[in-house]
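Under our numbering, the sequence shown has 14 at position 19, and the numbering climbs by one with no breaks.
Taking it in order: structure first as structure tokens, then the write-up.
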Amino acid sequence: MINVTVHMHIKDNTPANARLLALYYGLKHQSNARVTKMLRTEIDRGADLIIVKGLSASLPLRYAVDEGIPFIILEDPYWRPNKEYTLSHTSWGYNGMCGRAWYPTTPFASRPKPPLQPFKTEGDVIIFGQKPDDYSLRGQDHVQWIEDKMKQWPNAELRHHPLMLSNKPPDESIDDCLKRCYRAVTFSSTVGAEALIAGCLSSPECPGSTAYGVHDREAWLHNLSWRQFSNNELTGTPAVKFILSGYDEARWRASEGMIEHPRDKVNRDVNIRRYQERFGV
């Protein structure tokens, strides 16, 4: 029997806590694990597996890294057809986030996933910006990266992250944007995955991107479908059984230091203001 600790956010009514609670109840009722709930400001020194939302350098995640304890990161889903779907689905991975996480071998059984669109032969080149304090940037200078890409692709359009638009909605939905997009230039955004599904040439530059180095879209999408579940699925046996099937190797990997280190949001306000001033948003 393993001891699992799920670290909740302090505010109760959040999408993060909905995801954490779903897996908490799934593990509690569909496994032999001993499952405990604690706040993300607390440490459980008896934990064999730690579960948190996001890669922020929280106290329990720093403890897991220091002690070589495996952890699971919960995040937003990889494809997001609408807001309701986004809030009700969760991606997950051991010992890291997105492309730097580790996963057990994917079963052959098919899971729900969007249809792959044929690759396009023409369209627009679009650079997809991210929030400059996004954890998935992993400390990269995003303003400088965008400037470099604009020089590399002088005719490209820059699409800002919706949360960088001073509380106004984007002029165009992401679906409509991808319909006219031929090449999607990203650093680590999950838009890289959505673009690849939509038939765009997707060029994420970070190895931690979900869509980095994809050679077989069908196999990639099948694997990805097992790396996200609805919150309802997280309370059931199949999802819990699959997730825990990777625990032993995840524990070995953590003990060997094969993990992604969490990050603080350094100079968060400064980086956001710099982005807004540079690009006029």
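From the three backbone atoms N, C-alpha and C, an ideal C-beta is built for every residue, glycine too.
Range covered by the beta strand (DSSP E) that runs through residue i
i: Ala179; result: Cys176 to Thr181
i: Gly88; result: His84 to Tyr89
i: Met3; result: Asn(-2) to Met3
i: Val47; result: Leu44 to Lys48
i: Glu142; result: Counting along the chain, Glu142 falls outside any beta strand (DSSP E), though it belongs to the alpha helix (DSSP H) covering His137 to Gln147.
i: Phe237; result: Counting along the chain, Phe237 falls outside any beta strand (DSSP E), though it belongs to the alpha helix (DSSP H) covering Thr232 to Leu239.
i: Ile192; result: Run containing Ile192: none in the beta strand (DSSP E); it sits in the alpha helix (DSSP H), Val186 to Ile192.
Same chain only: Cβ atoms within 7 Å of residue i, ignoring 5 sequence neighbours per side
i: Cys195; result: Lys115, Leu173, Cys176, Tyr177, Arg178 and Ala179
i: Pro199; result: Thr181, Phe182, Ser183, Gly187, Ala206 and Tyr207
i: Ser26; result: Val235 and Leu239
beta-carbon residue i near the ligand SAH non-hydrogen atom, thresh 8 Å
i: Asp264; result: As presented, the structure is devoid of all ligands, the ligand SAH included, so that no description of it is given.
Sequence-distant residues of the same chain with beta carbon closer than 8 Å to residue i, five excluded per side
i: Val284; result: With the chain covering -4 to 276 only, the question about residue 284 has no answer from this structure.
i: Glu255; result: Leu50, Asn90, Gly91, Met92, Arg95, Ala96 and Gly203
Range of the contiguous alpha helix (DSSP H) that encloses residue i
i: His24; result: Pro10 to Gln25
i: Arg154; result: Not the alpha helix (DSSP H): Arg154 falls in the beta strand (DSSP E), residues Glu152 to Arg154.
i: Val209; result: Here Val209 belongs to no alpha helix (DSSP H), and DSSP marks it neither H nor E.
Beta-carbon proximity of residue i to residue j, cut-off 9 Å
i: Tyr242; j: Ile46; result: no
i: Leu69; j: Trp87; result: yes
Rounded distance between the beta-carbons of residue j and residue i, thought under 8 Å
i: Arg95; j: Pro257; result: No, Arg95 and Pro257 are not in contact; Cβ-Cβ is about 12 Å, not under 8 Å.
i: Pro65; j: Asn90; result: 6 Å
i: Met145; j: Tyr270; result: Wrong, their Cβ atoms sit about 14 Å apart, outside the cutoff.
Same chain, Cβ closer than 6 Å to residue i, neighbours up to 5 away in sequence not counted
i: Met92; result: Leu50 and Ile68
i: Ser151; result: The identity of residue 151 in the sequence shown is Ala, whereas the question assumes Ser. Result list for Ala151: Val120 and Ile122, in chain order.
i: Val1; result: Leu15, Tyr19, Lys32 and Ile46
Short CB-CB distance (under 9 Å) between residue i and chain C
i: Arg268; result: The structure shown contains no chain C; it holds only a single protein chain.
Residue i versus residue j - alpha carbon distance
i: Pro72; j: Ile121; result: 22 Å
i: Arg106; j: Glu79; result: 19 Å
i: Ala28; j: Asp264; result: 41 Å
i: Asn8; j: Arg268; result: 29 Å
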